[in-house]
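All remarks here apply to the structure that follows.
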Amino acid sequence: MQAVFDAIGSFFTDLLRLITDWARWLLDVVVQIFVDLGELALDVVWGALDSIISVAVGLLSALPAPSFDLAGALGGLPAEMINVAGLIGLGQAIGIVIAALGVRFVLQMIPFVRWGS
Numbered sequence: 373m374q375a376v377f378d379a380i381g382s383f384f385t386d387l388l389r390l391i392t393d394w395a396r397w398l399l400d401v402v403v404q405i406f407v408d409l410g411e412l413a414l415d416v417v418w419g420a421l422d423s424i425i426s427v428a429v430g431l432l433s434a435l436p437a438p439s440f441d442l443a444g445a446l447g448g449l450p451a452e453m454i455n456v457a458g459l460i461g462l463g464q465a466i467g468i469v470i471a472a473l474g475v476r477f478v479l480q481m482i483p484f485v486r487w488g489s
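Numbering (this note's numbering), first residue to last: 373 to 489.
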């Protein structure tokens with residue numbers, strides 16, 4: 373008689389294990405559906421943002437680029453001023469200032485390096 377009870381108990385244990393495994397699988401499917409819906413929503417947002425940026429790039433590329441004629445601007449200066457600027461090293465000074473500004477801008481782009489500014 374004990375063997376019959378053990379067989380019935382084993383049957384219901386296996387049946388319960390089968391039901392819990394199926395419920396766990398169903399829960400995993402439902403969770404994955406919501407994860408996929410979230411990823412789909414993100415893809416829609418990124419696609420819209422990509423479209424907006426593409427339109428902005430198209431509009432900006434349609435604008436004509438201004439032409440800066442530094443040689444023409446410097447050509448209008450008197451020869452004495454150009455000579456004095458060369459003697460005091462104005463070209464090197466401007467190069468140093470531009471390099472320093474470039475380094476500062478690069479350091480500003482790195483997080484946790486903004487010490488005093």
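All residues carry an ideal CB built from backbone N, CA and C; glycine is no exception.
Quick caveat: nothing in here was measured; it's all calculated off a predicted structure.
(message) If I follow the unbroken alpha helix (DSSP H) through Ser439, where does it start and stop?
(response) No alpha helix (DSSP H) contains Ser439, which DSSP labels as neither H nor E.
(request) May I ask which residues mark the beginning and end of the alpha helix (DSSP H) holding Ile405? (result) Where Ile405 is concerned, the enclosing alpha helix (DSSP H) stretches over 374 to 434.
(message) To the nearest angstrom, how far is the alpha carbon of Asp408 from that of Val427?
(response) CA-CA distance, Asp408 to Val427, rounds to 28 angstroms.
(request) Tell me whether Ile454 counts as near the ligand MN, meaning its Cβ is closer than 8 angstroms to at least one heavy atom of that ligand. (result) Of ligands this structure carries none, so the ligand MN is not represented either.
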